[in-house]
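Q: Residue numbers (the working numbering): -3 to 180.
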Amino acid sequence: MARPYIRSHHASSKSIIVIEDIDCSINLTNRNKAAVNVAQGASSSGDDDGPNTITLSSLLNFTDGLWSCCGSERIFVFTTNHIEKLDPALLRSGRMDMHIHMSYCSLPALNILLKNYLGYDLGREALEEFAPLVHPVEMTPADISEVLIKNRRNKTKAVAELLEALKIRAEKKKLKKFVKVYDF
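1. Going by C-alpha to C-alpha distance, which of L103, E134 and P132 sits closest to G119?
2. How long is the line joining the alpha carbons of A166 and G61, rounded to whole angstroms?
3. Measure how close the beta-carbons of I187 and I15 come, nearest whole angstrom, since I'm counting them as under 8 Å.
4. Give the range of the beta strand (DSSP E) segment to which I13 is assigned.
5. 8 Å is my cut-off, CB to CB: does L144 come that close to chain B?
6. Mind reading off the beta-carbon distance from L144 to Y113? Whole number of angstroms is fine, and I expect it under 8 Å.
7. Considering Cα atoms alone, identify which of K111, K169, I18 and S89 is closest to L55.
8. Three-state secondary structure (DSSP) at R148?
9. Give me whichever residues DSSP pairs with I79 in a beta bridge.
10. Taking M98 as the reference, give the member of T75, M92, S89 and F58 with the closest Cα.
11. If you compare alpha carbons, which of V73, K170, E80 and L106 is closest to E124?
12. Could you give the first and the last residue of the continuous beta strand (DSSP E) run that contains R70?
13. Give the straight-line distance between the Cα atoms of A138 and E80, rounded to the nearest whole angstrom.
14. Under a three-way DSSP split, which group does L118 fall into?
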């Protein structure tokens, strides 16, 4: 895995700085775990020591330094699939002022995507057809958008393809459950 390298002098004013998957791109284990390791006689530094290692302290100093010099002109975006792995010092107010949970697509979100991409509003019948599929298949809004973009010029075809994609994903999920139950 390539090690991230952060240089604050390359971040100009009015920037958006994105650190994706912060829970796995930087070793930012919770200090409580490190304290337990030290108490048990294990090294808290792990195998990642070296000149390219970014510690929690380094990341906090970097972000605090950029915010203090011109914080209103920079936006930091951290993404994670495991917020519980992040140290509370990184999550506190003033460092991360807004937490946005991005879930799977819901029926109201699907309706908004259809309006935005196709100018299409699901009627009552279509809502009833989509309703049993949208939640259980666990498609992200990005997955839905990808299907809609392919046939953006033909609304009917785009909606039909989306319905087919949802049905295919639902069948795959049913098959996975069946295989798990019977352990083939």
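Each residue gets a CB set at the ideal place from its N, CA and C atoms; glycine is no exception. Note that the structure is predicted; figures quoted are calculated from it, not measured.
A: Answer, in terms of the structure:
1. L103
2. 48 Å
3. Outside the displayed span of the chain (-3 to 180) sits residue 187, for which this structure offers no information.
4. S11 to I15
5. Looking at the structure shown, chain B is missing, and only one protein chain is on hand.
6. 4 Å
7. I18
8. coil
9. DSSP lists no partner for I79.
10. T75
11. L106
12. R70 to F74
13. 24 Å
14. coil
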